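Beneath this line is the structure, given in structure tokens, with notes to follow.
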Amino acid sequence: MILHIVRHSPVNHPSFSSCLRSLGSGHGMLLIEDAIYALLPGTAFNQSLRLLPTTVSIHVLESDLLARGIALDDLPARIRQVNYLDMVALCTEHSKVVSW
Numbered sequence: 014m015i016l017h018i019v020r021h022s023p024v025n026h027p028s029f030s031s032c033l034r035s036l037g038s039g040h041g042m043l044l045i046e047d048a049i050y051a052l053l054p055g056t057a058f059n060q061s062l063r064l065l066p067t068t069v070s071i072h073v074l075e076s077d078l079l080a081r082g083i084a085l086d087d088l089p090a091r092i093r094q095v096n097y098l099d100m101v102a103l104c105t106e107h108s109k110v111v112s113w
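Right, here's the structure in full:
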């Protein structure tokens with residue numbers, strides 16, 4: 014299993030789209046820093062996340078959500094909010110970690 018950590022804004026950097034193309038069944042995706050903007054309601058990026066197969070787990074760093082003023086109520090139900098300890102646990106649970 015691979016954990017993909019995305020940190021760049023999907024608007025200004027191709028890493029979000031590149032990551033989406035490389036996701037496979039059983040992979041995990043963790044959005045941190047400016048990648049959080051992919052969660053903005055009504056955007057193509059948000060829609061892309063909603064269309065991912067349920068076999069891909071999606072996580073978001075809660076402190077980065079709050080720092081960027083994104084309402085927690087706007088998150089799709091399948092996205093799991095994590096703290097820094099959870100982030101470390103995710104990294105150790107996956108056999109490989111790829112940072113985008």
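Numbering (this note's numbering), first residue to last: 14 to 113.
Heads up, the beta-carbon is just placed ideally off N, CA and C, and yes, glycines get one too.
Fair warning: this is a prediction, and the values are worked out from it, not measured in the lab.
The beta carbon of residue 23 sits closer than 6 Å to the beta carbons of 29, 51 and 58 from its chain, once the five residues preceding and following it are set aside; these are given in chain order.
For residue 42, the secondary structure class from DSSP, reduced to helix, strand or coil, is strand. For the pair residue 61 and residue 33, the CB atoms are nearer than the 8 Å cut-off. A straight-line Cα-Cα distance of about 15 Å links residue 39 and residue 18.
For the pair residue 15 and residue 75, the Cα-to-Cα distance works out to about 21 Å.
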